[in-house]
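J.: Got a structure for you, questions after.
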Amino acid sequence: MTILAIGAAILAAASGLVIATGHHRPAVQLGTAHSSSPDTTDDITSGTPDDGSSVTLGAGDAAAPSTTSTTLRATARSSTTSSTPTSSTTVGPVSVTSPQKAAPTEWPMFMGGPQHTGQSPAAGPQTSHVRWTYGDSNPPEARGAVVVGSDGTAYLAHGANGPCGPIPPGPSCVAQVDAVSSTGQRRWQWTVNDQVDRSVPAVDDAGNVYLTTDRGTGSLFAITPAGATRWTLSLNGHYLRGSVTIGTDGTLYVQDSNSTVFAVRAIDGHVLWERATNPGSIGYAGAPAVSPDGKTVYATSGGGLLYALNPGGAVRWSVPVSGPSNAVIANAPSVGPDGTIYVAAGGSSGDTPSDIDAFSPAGSIKWHFTSDGMFETTPAVTSGGLVVAANNMGTVVGLHAANGTVAWTYHSDGDYGANFYLASPVVGADGTVYAANQFGLVALKQGSVAWSAAGIPTGGATPALTRSGRLLVVRLGQLVAYG
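All residue numbers for the sequence shown refer to this note's numbering, where the first residue is 845 and numbers rise by one.
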């Protein structure tokens, strides 16, 4: 491990933090910040590490009261122009804290947590009563899922003005994150010249938000609880259309469209490691999942493979998934309480039947289920022993987790044939399944409709089901709260 020589002794003495560089190419930039700890400020000038990456220290609000922090002031050198709204080459104080774990009380990331089970510890709404709606009747494009922080604030990423232009993004290509209070009021809006497609933010328990973008360089952004840019990390120029996963130790995991997985330190955007799982393959940049004990990272790749990586990024094992020979992994794996990994794979043709596979923690196949259509979603895993998935032929299926046999099925037909399910289902503590398709929302109890809300296009965004029992659904830019 190479230690940053400049200021390392000061950092180690002040906070016990060791800043190290690994073999990676990404550049990190940080925006301006304010600190509540001026008495612990040290002046440090950052240079270019031996591995060629450009690291610039800077942004962040004061540390949360529950964390300990050391403040350092950094002047950037060898940095590139930032694409963030608060770009600067000379930056102010940054609060250095321990990595923040995912918020334990609400819905901090895609499918609710690092295992992507999609189940909430609370029962969801029992009727279609709308508590509030955020956004106007002619909203911008938003197809990524919403996440919710520990204080009830919801975070929604969307495009500001529809489809973007060429790569790199032109001036018409604008991405935004809206922070929405638990009563449906905007707290702040963050803006950057980039694009989000199906990117889903993640929020830690201190309220820091992390987001990937998929135009230009393909970047990972850290945003403070107040809506300012903390740091920016460019990741090799590949699309980042997936979601950020926060591991049990606070590490950020992202995957690009070239099937490379990155582990990133949340505090400063430093890349801990990167692993090209299937170089040259074209994937859909889903979100990596983490085992319940936090010791294994699971990622899918183009070409129909599932990888298990150890905490250092080395490959434990890889296995092919079932399905057609042209299999493309369209979304993230999920991990059950017993460590079983569930993967839904489909072909490049929309009408190709596809499979759900269940793998043991050692990588052996336990069972597989073949569907009548293609899965573009992540299976939910319930505490009652069911695996629930939805496909693009309008079918939602509940499978017994033990053996993959069918417990129930539900099918919905629309005005133009089957209603596509591009959003992953989520499940309440009482077993109610909430599934959103391009024309509406349905709540299912053991495969039967409990209630529905028709005519609400969701654009393929997976709902969030919070511990407080609120169901948050994105409908092409608007955010609707049920319950």
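Every residue gets a Cβ at the ideal spot worked out from N, C-alpha and C, and that includes glycine.
Taking V1088 and Y1054 to be in contact with their CB atoms under 8 Å, please state how far apart those CB atoms are, rounded to whole angstroms.
T.: Right, their Cβ atoms sit about 4 Å apart.
J.: With DSSP collapsed to three states, give me the class of F1106.
T.: F1106 falls in the strand class under three-state DSSP.
J.: Taking just the CA atoms, how far does A1245 sit from T961?
T.: Each residue's alpha carbon lies about 12 Å from the other.
J.: Quick one: is T1056 buried, meaning 16 or more other Cβ sit within 10 Å of its Cβ, or exposed?
T.: Classification for T1056: buried.
J.: Taking just the CA atoms, how far does N1102 sit from P1205?
T.: In a straight line, the C-alpha of P1205 is about 25 Å away from that of N1102.
J.: Helix, strand or coil: how does DSSP classify F954 here?
T.: Correct three-state label for F954: helix.
J.: For P909, does the three-state DSSP call read helix, strand or coil?
T.: Caution is warranted here: a pLDDT of 32 is assigned to P909, below 50, making its placement in the model unreliable, and no coordinate value can be reported.
J.: In this structure, how does DSSP classify T1073 when only helix, strand and coil are distinguished?
T.: DSSP places T1073 in strand when its eight states are reduced to three.
J.: What is the DSSP secondary structure of Y1142, counted as helix, strand or coil?
T.: Strand, per DSSP.
J.: Beta-carbon separation of A1176 and A1234 under 9 Å?
T.: No. Outside cutoff.
J.: Kindly indicate the opening and closing residues of the beta strand (DSSP E) around H960.
T.: No beta strand (DSSP E) contains H960, which DSSP labels as neither H nor E.
J.: Which residue's Cα is closest to the Cα of V1115: V1098, T1121, G1130 and D1257?
T.: Of the listed residues, the one whose Cα sits closest to V1115 is V1098.
J.: Would you mind listing the beta strand (DSSP E) stretches within the segment 1009-1059 that are 3+ residues and don't spill past its ends, in chain order?
T.: Here the runs fully enclosed are 1019-1024, 1030-1036 and 1053-1056.
J.: Would you tell me roughly how many angstroms separate the C-alpha atoms of L1323 and T1276, rounded to the nearest one?
T.: Straight-line Cα distance between these residues: approximately 21 Å.
J.: Of the choices G1091, N1122, P1069 and L1000, whose alpha-carbon is the least far from that of V1159?
T.: V1159 has its Cα closest to that of N1122, out of G1091, N1122, P1069 and L1000.
J.: The beta strand (DSSP E) spanning Y1254 covers which residue range?
T.: Element bounds for Y1254: V1250 to H1255.
J.: In chain order, what residues of the same chain have a beta carbon less than 8 Å from the beta carbon of G1242, not counting five sequence neighbours either side?
T.: Excluding sequence neighbours, G1242 sits near L1230, V1231, V1232, V1250, A1251, W1252, T1253, V1277, Q1290 and G1291.
J.: Counting along the chain, where does the beta strand (DSSP E) carrying A1152 start and finish?
T.: Note, A1152: beta strand (DSSP E), L1149 to L1153.
J.: Ignore the nearest five residues each way along the sequence and tell me which others in R1314's own chain have a CB closer than 6 Å to its CB.
T.: A1325 and G1327, listed in sequence order.
J.: What does the alpha-carbon distance come out to for the pair D1093 and A1107?
T.: So the two alpha carbons sit approximately 12 Å from each other.
J.: Starting from Q1322, trace the beta strand (DSSP E) both ways and give me its first and last residue.
T.: Taken as a continuous stretch (DSSP letters only), the beta strand (DSSP E) holding Q1322 covers Q1322 to Y1326.
J.: In three-state DSSP terms, what is I1090?
T.: Here I1090 sits in strand by DSSP.
J.: Here's the rule: buried if 16 or more other CB atoms are within 10 angstroms of the residue's CB, otherwise exposed. What is A1298?
T.: Under this definition A1298 is an exposed residue.
J.: With DSSP run on the structure shown, which of helix, strand or coil describes H812?
T.: Given that the chain is displayed from residue 845 to residue 1327, the structure contains no residue 812 and the question cannot be resolved.
J.: Where does V1293 land, buried or exposed, given buried means 16+ other C-beta within 10 angstroms?
T.: V1293 comes out exposed.
J.: Hey, how far is the Cα of E950 from the Cα of V992?
T.: Those two C-alpha atoms are separated by around 6 Å.
J.: Could you pull out every residue in the same chain whose Cβ sits closer than 6 Å to the Cβ of W1295, ignoring the five residues on either side in sequence?
T.: Correct list, in chain order: T971, S972 and A1287.
J.: Nearest CA to the CA of P1181: which residue from F1283, Q959 and A1273?
T.: Of the listed residues, the one whose Cα sits closest to P1181 is Q959.
J.: CB P1045 to CB Y999, shorter than 9 Å?
T.: Yes, the pair counts as a contact, with Cβ atoms nearer than the cut-off.
J.: Strictly by DSSP, which residues pair up with N1281?
T.: Paired residue(s): G1284.
J.: Which residue from V1163, A1143 and G1091 puts its Cα closest to that of G957?
T.: Cα-wise, what sits closest to G957 is G1091.
J.: Going by the DSSP bridge assignment, what does P1199 pair with across the sheet?
T.: With the sequence shown as reference, residue 1199 is identified as Asp, and Pro is not the correct amino acid for it. Answer is A1189 and T1214, bridged to D1199.
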